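Numbering (this note's numbering), first residue to last: 31 to 221. Every residue gets a Cβ at the ideal spot worked out from N, C-alpha and C, and that includes glycine. Only a predicted model underlies this, so the values are computations on that prediction, with no experimental measurement involved.
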Amino acid sequence: MTNTKESINHIIRSRRSIFPPSYIEKEIPREIIDTILENANFAPTHKLTEPWRFTVFTGGGLEKLGDYMAEAYRANTTPETFSQAKYDGTRAKSLKSAAVIAIVVELHEEKIPEWEEVAATACAVQNMWLTATANGIGAYWSSPSVTESLRAFLGLKENQKCVGFFYMGYHNLGEIPARRTPIEDKVTWVN
Ligand SMILES: Cc1cc2nc3c(=O)[nH]c(=O)nc-3n(C[C@H](O)[C@H](O)[C@H](O)COP(=O)(O)O)c2cc1C
């Protein structure tokens, strides 16, 4: 990849959701995680509220997250519908990851609407995702299945909301083609 235009097209188009079962056992160096977070911080942000907040789980933190998510699944399931395989799978998702980043939005209701803060945070996540892709790291954004109890687990303030988890790990899948319908179907031109 020689020029910037080609590189950016390639990174954007080859970014995929890569899930924990495909992750291999390999640590992500701290400096790469730092770069991923640093690039998140360059997302556009209306009125410079910079609403993205992150909690990074690595090492023993992944066990704590896995235990929490598995127990949250148990707490939100009746004994009749509880599945041990689902419980174990929920826990394994964290343990298979090299790092997981909780994605949190800090709202500033008096300044701008919530959707703009969520949009800015999604831009930050895309920056992280593209940086991960450029470094050969697979990742995916998981929407939270539990919400209110996450508040205590992540120590969120009243004006903060968790909007998901960003799971990351190296993988050996190579490039996977995207499934998308043509852009022409989604654009109206006014000339
Ligand atoms: C805000 C957001 C939330 C998502 N939540 C989930 C999720 O909870 N579970 C999941 O399997 N994928 C989730 N995804 C990933 C999408 O399924 C994925 O982006 C889509 O299938 C397209 O695949 P690609 O990312 O490889 O292009 C989420 C994506 C976004 C943008």
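The stretch 151 to 164 makes no contact with the stretch 98 to 117: fewer than 3 CB pairs, one atom from each, lie closer than 8 Å. At least one heavy atom of ligand 1 sits closer than 6 Å to the Cβ of A208. The Cβ atoms of G166 and S124 lie no closer than 7 Å to each other. In the three-state reduction of the DSSP assignment, S172 falls in the strand class, which pools E and B.
Here the stretch 206 to 219 does not lie against the stretch 173 to 181, with fewer than 3 beta-carbon pairs under 8 Å apart. Here F183 carries a helix assignment [DSSP, helix/strand/coil].
F112 and I66 have their C-alpha atoms some 37 Å from each other. Around A154, the same chain offers A70, A73, W82 as residues with beta carbons nearer than 6 Å, after the five sequence neighbours per side are excluded. The secondary-structure analysis by DSSP pairs F87 across a beta bridge with V130. Counting the other CB atoms within 10 Å of its CB gives V134 a total of 16 or more, which places it among the buried residues. Contact annotation, I48 with G168: C-beta distance approximately 3 Å; criterion of less than 8 Å satisfied.
According to DSSP, residue pairing for G199 in a beta bridge involves G168.
Exclusion of W145 from the 6 Å shell around ligand 1 follows from its C-beta lying no nearer than that to any non-hydrogen atom of the ligand.
In the three-state scheme derived from DSSP, where H, G and I count as helix and E and B as strand, W145 is classed as helix.
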